[in-house]
Structures are given as structure tokens and as C-alpha cells.
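Asker: Under UniProt numbering, the first residue of the sequence shown carries the number 1, and numbering increases by one thereafter.
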Amino acid sequence: MAKSTLFRSEEMSLVQLFIPNEISHSTVTYLGERGLIQFRDLNPNLSSFQRSFSDEIRRLNDIERQLRDFGEQCESSNIKISSVDVDSPEAKRVITTRDIHDLTEQLNDHETKLANFNDSHRTLLRQRQELIEHKYVLERSANLQDIQSIPSATQHDTNAQGQTEDDVETGKTELNQQNSSVGFVAGTISRLKVNVFERILWRTLRGNLYMYQSEISELMTDWQSGNQLHKSAFVIFAHGQEILSKVRKIADAMGATLYPIDTNPEQRRIRILEIESKLSDLNKVLENTNQTRRTELEKIAGNLSDWVILVKKEKAIYHIMNLFNYDRNRRCLIAEGWCPSNDIPSAQLSLREAAESAGSQVYPILTPLQTKRQPPTFHRTNKFSVGFQSIVDAYGVAKYREVNPGLFTIITFPFLFAVMFGDLGHGVLMTAFALWLVLKEKALAKYKGGEIFAMMFGGRYIILLMGLFSIFTGLIYNDLFSRSLAIFPSGWVWPEATQNGQSLEARSVGVYPFGLDSAWHGTDNYLIFTNSYKMKMSVILGVLQMSMGIVLTIYNHVHFRHWYAIWAEFIPQILFMECIFGYLCICIIYKWLINWTNQPISPPSLLNMLIYMFLSPGSVSPKDQLYPGQGLIQLVLIFVAVVCIPWMLLAKPFILKYKHNRQEKQTRAQVAMVANDDDDDDDDNGDTKPRKEVVKNTEDSNDTPRQDQDAELSKNDGQNTVHITEESDAEEEFEFGDIMIHQVIHTIEFCLGCISNTASYLRLWALSLAHAQLSSVLWDMTLKIVLSLSSPINIIGIWAGFAVWFTLTVSILMVMEGLSAFLHALRLHWVEFNNKFYEGSGHKYTPFNFKTILSGEETD
């Protein structure tokens with residue numbers, strides 16, 4: 001059984017798989033269902049087009065294109081498509097190559113039918129629009145006196161005299177009285193182009209025209225872009241065939257559509273009736289075509305999500321198989337990947353199931369390999385701990401087997417949040433909301449409420465703990481929406497006032513059992529007392545958490561066998577921290593334990609004590625004296641803290657230099673010994689011959705194409721093949737100067753960070769004060785005013801005041817203040833806590849898993 005601890009990542013193993021070619025698809029499918037192996041790319045020098053299964057992926061891309069087109073058509077027709085459900089039976093079904101073949105034929109059939117429907121639909125729509133435009137042109141030109149004044153017999157006479165068909169379409173006629181041709185051009189044009197069209201005609205024809213235009217109320221479709229646009233009908237009168245020809249050319253250039261118009265009103269009326277009859281028939285045909293097309297789309301929409309799942313899984317399988325090497329001699333695929341050591345039996349079970357389902361007598365082989373590569377980091381989480389681990393991973397993924405702060409974050413994060421957000425009422429509201437998310441998590445998991453809701457739902461257990469801890473700190477602060485609770489008898493007794501305006505001072509008669517005494521609320525020195533209390537409490541909590549972070553470095557040093565770092569880094573760091581800030585925390589607690597009412601001196605200022613501890617070491621002013629022998633103890637602590645600085649600065653670099661020099665000396669001695677042995681062999685044998693030849697086949701040396709590698713493997717048929725895993729990174733050259741510079745930066749950063757990080761924890765005090773004061777102001781400005789009313793309108797005022805108070809409480813104190821406290825707690829963990837022991841330079845374990853692929857999460 002692999003070693004595992006509560007605060008370290010799981011032990012990982014590099015495994016090698018030999019998969020028979022005939023069951024490779026089934027094997028990868030079963031491994032994808034369990035999601036246990038993160039495969040490595042054994043062909044890094046091959047492009048995507050040179051890989052073995054690029055043709056299969058290209059065909060799947062075509063299928064995806066078809067599915068996207070079907071989805072767009074369903075959305076344009078307002079047909080609902082069910083979302084991809086990763087827990088559906090189709091998502092968990094083991095697919096075969098036959099499924100893709102059947103799906104391809106089915107999709108091609110649907111695509112052909114839809115293409116025919118769409119072509120027919122577009123043709124019918126185009127005909128319908130042309131008829132509608134023609135009808136509008138005929139109706140708009142019915143009142144033109146110029147057309148009505150021309151006898152219908154004139155057009156027949158001109159036709160008999162040799163008038164062309166083009167002249168009839170443009171409405172060209174001849175006036176016998178004037179012996180000159182008067183013609184017109186009618187059609188439709190976009191409403192946005194009417195003015196430009198008219199100006200161009202006017203300038204081109206020099207004003208020799210008459211143009212009449214009327215807007216069409218019905219929306220038309222632009223067949224080039226498919227956009228809806230408004231059009232206008234126009235009729236242009238001009239003299240001469242050349243002018244009419246210019247008008248037609250300009251109209252074509254402007255995108256206008258020309259229609260023939262008969263000069264006879266009766267003929268126009270008959271033509272309108274014919275168009276209306278055709279429109280009625282076209283509408284019926286369009287309705288039947290749309291219904292048939294919609295039926296086909298509904299049939300597609302019912303299976304579209306299942307097809308998407310099938311194609312995504314199949315495409316992922318071939319992407320993974322492209323990472324494998326093909327051994328032509330063994331007729332198998334060779335794969336490598338990372339697998340948790342505890343899950344190797346499950347992976348082997350998947351391989352057996354894959355072989356049995358395919359009916360193969362040859363099982364895939366899984367073999368763990370010895371390697372010095374850096375494994376990925378894997379923390380096994382559940383629905384409760386995944387949110388807290390995400391907080392840590394957002395800072396940086398842990399280095400392999402590094403101490404994981406996610407375990408401690410489960411408690412420290414909601415607690416520090418609650419210190420800033422401590423209010424019993426607000427904590428109850430937050431807990432109720434989080435409890436609703438937890439109890440309804442199965443139903444809400446399928447709800448698509450946007451990114452904000454998804455974040456809140458994913459962190460529902462974080463919000464639940466933040467609410468519970470806020471209830472706890474609210475009881476300690478004795479705050480309920482800025483009001484106090486007299487749960488226990490007060491430890492203070494107020495004397496009766498002797499005169500108006502006299503300041504009263506309470507008398508202590510006992511100790512309040514839990515939290516802050518309710519007698520402090522409403523007093524003049526309440527803010528002074530709580531400020532001092534919360535500020536000192538923030539310093540103590542900060543020093544405790546930072547000290548814990550320094551202690552956790554021991555586990556990293558022991559695991560990575562950096563024994564020298566324990567006394568070269570850990571001991572000076574913890575001494576420096578505790579000699580200054582640990583001593584300050586002890587003085588705070590000691591000051592709290594003393595009853596200063598019975599002391600002859602007033603309590604000293606700890607801030608002045610800490611300042612003069614460095615300004616005048618060894619001497620303490622009588623008014624700042626906290627205990628006997630304070631000066632000597634502070635002098636010793638300062639001396640130890642000062643010694644720790646060069647200790648941290650010089651110890652580690654010189655230890656590393658000593659170890660490097662010793663290793664070089666041993667290497668030179670071994671080389672000299674081997675050289676002497678070779679000389680002795682040469683003297684004995686009289687010639688030089690190699691005694692052993694070592695050939696290493698590394699998986700990353702793909703300088704030759706796949707065919708050359710296969711040829712080399714075929715030449716070595718019958719020989720034993722030794723698989724040697726390549727080193728992850730070459731050892732860097734030792735540079736003492738670089739190490740020294742790095743250590744100087746690290747030492748300065750730690751020493752200054754101890755001061756700045758301790759001061760940073762004062763945000764616990766500042767945000768707690770701001771939250772309490774905002775809550776108090778909100779109460780005074782809303783409910784306190786309406787509760788003091790005595791008129792019958794009081795009931796209405798209470799309802800209105802409560803609505804305003806509750807709305808502002810949720811929006812400002814719960815949402816805005818809660819988000820602010822959350823971000824500050826996040827900063828304290830990332831900067832003040834994690835930087836003491838957490839490197840966060842690893843890479844996340846992302847196994848090949850169908851569930852993560854279908855849900856759109858990050859995958860290998």
C-alpha cells in the first residue's frame with residue numbers, strides 16, 4: 001500500500017502500458033470511464049497531422065461541424081435542446097467504433113434532408129418576397145396620372161411596330177402626338193438608399209426624369225446578408241431609350257429590383273389578383289415545408305445531446321491514442337502515464353474488463369516504472385473539501401508531496417473570516433442560506449444560474465462554515481445586529497446617579513461566563529475597550545498562524561531529506577519570530593491576567609515597550625515596567641534575534657558549497673579509479689576493447705520519423721528491449737554566487753515580512769470594527785427611528801423601516817462586507833501563511849476522464 005498522509009499529496013507512479021492493437025480503442029474507453037491515468041505524450045516531435053489517428057480526428061471534426069449546424073438551426077427555430085448530462089446513461093455507456101459508423105450515416109441522412117428543406121424554403125421565400133414587392137409596386141403605381149393617361153392601345157400599337165420585350169418590361173410607350181418615346185422603370189430599393197439613388201439619377205440624367213417613391217410597410221429580407229430591411233417602391237419616368245437604359249444600369253448597381261408594370265389599370269388589377277392567388281398558394285406550401293422541417297429538427301434535437309456526448313468521447317479517445325507509440329513487432333501500442341499508486345489495482349481491473357468486453361484472449365499489461373521525473377500533484381477530495389482545496393490551488397499547485405495547506409484551511413479560513421464578520425444575526429442568515437444550498441444541492445447542481453451562482457454553489461460548504469464560525473464569534477463579541485444579549489448575569493453593577501450629567505462608573509462584581517459582557521454595550525468607553533481587545537487578539541492570532549507556518553517547514557525538510565535546512569533555516573526563523581513577536585504575544589496575555597486595579601502603577605503601553613526594546617536595549621522605563629527583570633530578558637531576546645539574521649544568511653549557502661565540493665571530490669576519485677583500471681586492462685591485454693556496450697532508448701528522442709523507428713525495431717527483432725525512463729531535468733550547474741544572492745533576498749524578505757505580516761493581521765481588528773459600526777449605524781438610521789414612533793402610523797413605519805433595514809443589511813453587510821472579509825481572509829492565507837512553508841511550484845494531476853471532458857472542465 002502506498003504511503004499517504006492527511007496533509008500531503010498522494011503518492012504517484014509512472015506506469016507503462018502495452019495495449020494490443022485490436023483492443024486499443026476498448027482499453028482507452030474503459031480507462032476514460034474510470035479516470036485514473038494522466039497519459040504522457042510519447043511523440044512530442046510529431047505534429048498533429050503526422051500522428052497515427054489524425055484521419056479519425058478529422059472525420060470527427062466533420063461530425064462536430066454537422067452537430068453545430070444542427071444546433072444552430074434548432075436554436076433559430078426556437079426548438080429546445082437538452083443540455084449535456086454527464087450522469088446520463090448515454091454518457092456512461094461504453095462506445096464502440098460501430099457506434100460512430102452508424103452515427104455518421106444517420107447524420108449524413110439528416111443533413112441531406114435538411115439541406116433539401118432549406119433550399120426549398122429559401123427558394124419559396126425568395127419567390128414570395130418577389131411577389132410581395134411586385135404587388136406593392138403595382139399598388140403604389142395605381143394612382144399615378146402619368147400612367148393612367150397613356151392609352152392601353154398605344155402599347156399594343158408599339159408592340160406591333162417592333163417594340164422589344166425589354167421595352168414592355170420597362171413600360172416604354174410612344175406618344176403619337178409628340179412623336180417621342182415616354183417610358184418608365186418601376187421596382188423596389190432599400191429605404192436607406194432612396195435618397196442616394198435619387199441624387200445619382202438627378203445628376204446623371206441632368207434632371208430629365210420624374211421619380212415617385214413610396215415606403216413599403218412590410219419588412220423584406222436581404223438575400224445576400226440575410227438581414228431584415230425596409231424597402232421603398234419607386235417609378236421613374238424618362239424620355240428615350242438611352243436614358244431608360246442608364247436608369248436600369250444605375251438601379252442594378254444600387255441593388256434595386258425592377259418589376260414590369262402594365263399601363264392599363266384593368267390589367268394591373270388583374271395582375272394584382274393573380275399575385276395574391278400565387279401568394280396564397282406559396283404560403284400554404286411554405287407552411288407545409290416549415291412544418292416538415294420543424295418535425296425533422298425536433299427529431300434531431302431529441303438526440304443531439306447524446307450525439308454530442310458520443311462524438312466528444314470518441315474524439316478524446318483518438319487524441320489520447322495519438323500520444324502512444326506503436327510497436328510494429330509486437331503489434332501493440334505503448335503508453336506511459338501517471339497513476340496514483342493506490343489506484344493501480346483499479347487500473348488493472350479496467351484493463352481486464354476492456355479485454356473481456358472485446359473478446360480478446362490477450363490482456364493489456366500495466367507495469368510501474370522507476371523514474372526521477374517530477375510527478376503531478378493529486379489531492380483526493382470530496383464535495384466538502386474540494387472548495388477549500390480550490391482556494392489553495394488558486395495560489396499555486398503544491399509541489400509533489402509538499403505539505404498541503406488545504407487541510408488547515410478548512411478551519412483557519414472560516415475562522416479568520418468570522419473574526420472580521422463576527423455577528424450572531426448575520427451569521428445565522430449566512431448559515432441559513434448555505435444550509436439551503438447544501439440541502440438542495442442535487443436539484444441546484446443542474447440549475448444554470450450564471451457564473452456568480454456557480455461560484456457560490458461550489459463554495460457552499462465554505463459559506464456554511466463561515467456562517468457557523470460567525471455565529472461563534474458573534475456570541476463572543478455579544479453582537480446581534482449591533483445589539484447585545486444578556487444571556488448570563490452581568491459582571492458589572494451600575495451605581496445610581498446622584499445628579500444629572502454625572503459620569504457613572506460600573507463596579508465589578510464577577511466575571512461574565514462567556515464572551516463580552518453585555519454591560520459594555522452603550523458605554524462611553526465601549527469603543528476604546530473593544531478596539532484594544534480586538535487589536536491585541538489580531539496580533540496573537542497572526543503570530544500563532546505564522547508560527548504554525550514556520551513549524552510546517554520541518555515536514556518539508558524531512559520529506560525531501562534537507563536535513564541541513566532544519567537548523568540552517570527553521571531554527572533561526574522560529575527564534576527570530578518568537579523572540580520579537582512571540583514575546584509580544586506573551587506580554588499581551590500576561591497583561592490581561594493582571595488585575596491592574598490593585599497595582600500601584602497604571603498598565604504600561606505594550607507598543608512603547610516594543611519600540612524602546614530596540615531603541616534602548618537592556619533598560620526599561622519604570623512606567624513601562626511589566627515584570628521584574630524585564631530589561632535583561634529583552635536584551636537576551638534582541639541578541640538572539642540579531643544573531644539569527646547572519647545565521648539564516650550564511651549557513652545554508654556554505655553548507656551547500658561544502659556538500660558540492662565533497663561530491664566533486666568523490667566524483668574525481670571515482671573517475672581516477674576507473675581510469676587506472678582501464679590502464680591495467682590495456683597493459684594485460686595488449687589492446688583496447690570495449691567490455692560492455694550500453695544502449696538507451698529514451699521515449700523522448702523522436703528525431704527520426706515513425707517509419708524509421710519501426711524499421712529499427714524490426715531489425716532488433718528477437719532481442720531483449722530495456723525501457724529506461726529519461727531523467728526529468730538535467731542537474732543545474734552549482735553557482736555559489738547565485739545561491740548567495742537568493743539567500744540574501746530570502747533573508748531580507750523573511751525579516752521584513754515578519755514585521756509587515758504581523759501588521760497585516762491588524763486587518764482582523766479593522767474590518768471587525770468597521771462591520772460592527774456599520775451595523776450599528778444602519779440600526780440607528782432605520783429601525784431605531786421607526787420603533788420610537790407612538791402614532792397609529794407606527795405599524796406602517798415599522799414595516800417600511802424593517803424592509804429598508806433588511807434590504808441594506810443583506811446588500812451591504814452580508815454581500816459587500818462579506819465579500820470584503822472573504823478577500824482579506826484569502827490574502828492572509830496566501831501571503832502571510834502560505835509563504836512561510838508553501839512553494840506551490842507543482843503541476844496538477846489531470847487524468848483522462850470522460851466526465852471532466854463532457855462537463856467542460858480542465859483536462860489533460
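Note that CB positions come from ideal geometry on N, CA and C, so glycine has one too.
Since the model is a prediction, treat every value here as computed from it, not as a measurement.
#1: For the 8 Å Cβ check, are there 3 or more pairs between the stretch 57-74 and the stretch 312-329?
#2: Quick one: Cα of Lys657 to Cα of Phe750, how far?
#3: Within a Cβ cutoff of 7 Å, which residues of the same chain sit near Ile243, ignoring the five residues on either side of it in sequence?
#4: Pull up the distance between the alpha-carbon of Tyr512 and that of Ala800, whole angstroms please.
#5: Could you give the DSSP three-state label for Phe184: helix, strand or coil?
#6: Give the straight-line distance between the Cα atoms of Gly582 and Lys399, rounded to the nearest whole angstrom.
#7: On the DSSP letters alone, give me the boundaries of the beta strand (DSSP E) that Met12 sits inside.
#8: By a C-beta neighbour count over all protein chains shown, 10 Å radius and 16 as the cutoff for buried, is Gly255 buried or exposed?
#9: So what's Asp423 in DSSP terms, helix, strand or just coil?
#10: Rank Met420, Ser811, Gly737 and Ile550 by C-alpha distance to the C-alpha of His771 and give the top, closest one.
#11: Kindly indicate which three-state DSSP category His134 falls into: helix, strand or coil?
#12: Drop a sphere of 10 angstroms on the beta-carbon of Phe614, count the other beta-carbons inside from all chains shown, and report buried for 16 or more, exposed for fewer.
#13: Whole angstroms are fine: how far does the CA of Ser616 sit from the CA of Lys844?
#14: Should the stretch 12-27 be regarded as contacting the stretch 362-381, the criterion being three or more beta carbon pairs within less than 8 Å?
#15: Ordered along the chain, which non-local residues of its own chain (more than five positions away) have a Cβ less than 6 Å from that of Asp41?
#16: Give, in chain order, every unbroken run of the alpha helix (DSSP H) that is at least 4 residues long and sits entirely within the stretch 377-428.
#17: Could you tell me the distance, in whole angstroms, from the CA atom of Asn608 to the CA atom of Lys623?
#18: If Cys754 sits next to Met535, beta carbons under 8 Å apart, how far is it from one beta carbon to the other, in whole angstroms?
#19: Mind checking which residues open and close the alpha helix (DSSP H) that includes Leu593?
#20: Mind checking which residues open and close the alpha helix (DSSP H) that includes Leu544?
#21: For the candidate residues Thr257, Glu33 and Gly737, whose alpha-carbon lies nearest to that of Ala347?
#22: Are the Cβ atoms of Leu435 and Leu480 separated by less than 8 Å?
#23: Short check: CB of Ala301 to CB of Cys74, under 8 Å?
#24: Leaving out five residues on either side along the sequence, give the residues of the same chain with a beta carbon under 7 Å from the beta carbon of Ile739.
#25: Please report the distance separating the alpha-carbon of Arg140 from that of Ala251.
#26: Identify whether Thr257 lies in helix, strand or coil by the three-state DSSP scheme.
#27: Would you kindly work out how many angstroms separate the C-alpha atoms of Leu713 and Ser9, rounded to a whole number?
#28: Answer yes or no: do Ala565 and His559 have a C-beta to C-beta separation smaller than 8 Å?
#29: Quick check: Ser621 and Tyr627, are their CB atoms within less than 8 Å of each other?
#30: Keeping to the same chain, check which residues put their C-beta closer than 6 Å to that of Gly797; ignore five residues upstream and five downstream.
#31: Rounded to whole angstroms, what is the Cα-Cα separation between Thr597 and Val831?
#32: Could you check what DSSP says for Asn118 in three-state terms: helix, strand or coil?
#33: By the DSSP assignment, the alpha helix (DSSP H) with His742 in it spans what residues?
#34: On the DSSP letters alone, give me the boundaries of the beta strand (DSSP E) that Ile236 sits inside.
#35: Count the other C-beta atoms from every protein chain shown that fall within 10 angstroms of the C-beta of Lys135, then say buried if there are 16 or more, exposed otherwise.
#36: Which partner residues does Ser214 have in the DSSP bridge list?
Answerer: So, from the listed chains and residues:
#1: yes
#2: As a position in the sequence shown, residue 657 is number 657, starting the count at 1. As a position in the sequence shown, residue 750 is number 750, starting the count at 1. Each residue's Cα considered, the two are about 22 Å apart.
#3: Within the sequence shown, residue 243 is the residue found at index 243, counting from 1. Excluding sequence positions up to five before and after Ile243, its CB lies within less than 7 Å of the CB of Leu205 and Asn208, all in the same chain and listed in chain order.
#4: Taking the sequence shown and counting its residues from 1, the one referred to as residue 512 is at position 512. Taking the sequence shown and counting its residues from 1, the one referred to as residue 800 is at position 800. One C-alpha to the other measures close to 37 Å.
#5: As a first step, residue 184 is located in the sequence shown; it is residue number 184 there, counting from the start. Looking at Phe184 - three-state DSSP - the assignment turns out to be strand.
#6: Working through the sequence shown from its first residue, we reach residue 582 at position 582. Working through the sequence shown from its first residue, we reach residue 399 at position 399. The straight-line gap from Cα to Cα measures roughly 30 Å.
#7: Locating residue 12 in the sequence shown gives position 12, where the first residue counts as 1. Segment Met12 to Pro20, the beta strand (DSSP E) holding Met12.
#8: Your numbering for residue 255 matches position 255 in the sequence shown. It counts as exposed.
#9: To locate residue 423, count along the sequence shown from 1; it is residue 423. Of the three classes helix, strand and coil, the one that applies to Asp423 here is coil, per DSSP.
#10: If you number the sequence shown from 1, residue 771 lands on position 771. It is Met420.
#11: Indexing the sequence shown from 1 puts residue 134 at position 134. Residue state, collapsed to three classes: helix.
#12: The count along the sequence shown starts at 1 and reaches residue 614 at position 614. Answer is exposed; the Cβ neighbour count stays below 16.
#13: Numbered from 1 along the sequence shown, position 844 holds the residue referred to as residue 844. Numbered from 1 along the sequence shown, position 616 holds the residue referred to as residue 616. C-alpha separation (whole angstroms): 51 Å.
#14: Short answer: they touch.
#15: Taking the sequence shown and counting its residues from 1, the one referred to as residue 41 is at position 41. Closer than 6 Å at the Cβ level, and outside the excluded window around Asp41, lie Leu323.
#16: 386-395 and 406-421
#17: Within the sequence shown, the letter at position 608 stands for residue 608. Within the sequence shown, the letter at position 623 stands for residue 623. Distance between the alpha carbons of Asn608 and Lys623: 10 Å.
#18: In the sequence shown, residue 754 corresponds to position 754, counting from 1. In the sequence shown, residue 535 corresponds to position 535, counting from 1. Going by Cβ atoms, the distance from Cys754 to Met535 rounds to 18 Å, so no, they are not a contact pair.
#19: To locate residue 593, count along the sequence shown from 1; it is residue 593. Boundaries of the alpha helix (DSSP H) around Leu593: Tyr583 to Leu593.
#20: The residue you call residue 544 lines up with position 544 of the sequence shown. Start and end: Tyr526 to Val551.
#21: Taking the first residue of the sequence shown as position 1, residue 347 is located at position 347. With distances taken between Cα atoms, Ala347 lies closest to Glu33.
#22: Reading the sequence shown from its first residue, position 435 is the one you call residue 435. Reading the sequence shown from its first residue, position 480 is the one you call residue 480. No, Cβ-Cβ distance for Leu435 and Leu480 is not below 8 Å.
#23: In the sequence shown, counting from the first residue as 1, residue 301 sits at position 301. In the sequence shown, counting from the first residue as 1, residue 74 sits at position 74. Yes.
#24: In the sequence shown, the residue the question calls residue 739 occupies position 739. The answer, listed in chain order, is Pro653 and Leu656.
#25: As a first step, residue 140 must be located in the sequence shown, where it is residue number 140. As a first step, residue 251 must be located in the sequence shown, where it is residue number 251. Between Arg140 and Ala251, the C-alpha separation is close to 18 Å.
#26: Here residue 257 refers to the residue found at position 257 when the sequence shown is read from its first residue. Residue state, collapsed to three classes: strand.
#27: Taking the first residue of the sequence shown as position 1, residue 713 is located at position 713. Taking the first residue of the sequence shown as position 1, residue 9 is located at position 9. Low confidence applies here, because Leu713 scores a pLDDT of 35, under 50, leaving its location unreliable; read the following figure in that light. Within the model, the alpha-carbon separation for Leu713 versus Ser9 is close to 39 Å.
#28: Here residue 565 refers to the residue found at position 565 when the sequence shown is read from its first residue. Here residue 559 refers to the residue found at position 559 when the sequence shown is read from its first residue. Cβ distance not < 8 Å, so Ala565 and His559 don't count as in contact.
#29: As a first step, residue 621 is located in the sequence shown; it is residue number 621 there, counting from the start. As a first step, residue 627 is located in the sequence shown; it is residue number 627 there, counting from the start. Not closer than 8 Å, so no.
#30: Numbered from its first residue, the sequence shown carries residue 797 at position 797. So the qualifying residues of the chain are Val786 and Leu789.
#31: Reading the sequence shown from its first residue, position 597 is the one you call residue 597. Reading the sequence shown from its first residue, position 831 is the one you call residue 831. Rounded to whole angstroms, Thr597 to Val831 spans 41 Å at the Cα level.
#32: As a first step, residue 118 must be located in the sequence shown, where it is residue number 118. Asn118 falls in the helix class under three-state DSSP.
#33: Counting from one through the sequence shown, the residue named residue 742 turns up at place 742. Per DSSP, His742 belongs to the alpha helix (DSSP H) from Phe736 to Ser760.
#34: Counted from its first residue, the sequence shown places residue 236 at position 236. Counting along the chain, Ile236 sits inside the beta strand (DSSP E) bounded by residues Lys231 to His239.
#35: Within the sequence shown, numbered from 1, the residue matching residue 135 stands at position 135. Flag for Lys135 reads buried.
#36: Position 214 of the sequence shown, counted from the start, is the residue given in the question as residue 214. Paired residue(s): Ala233.
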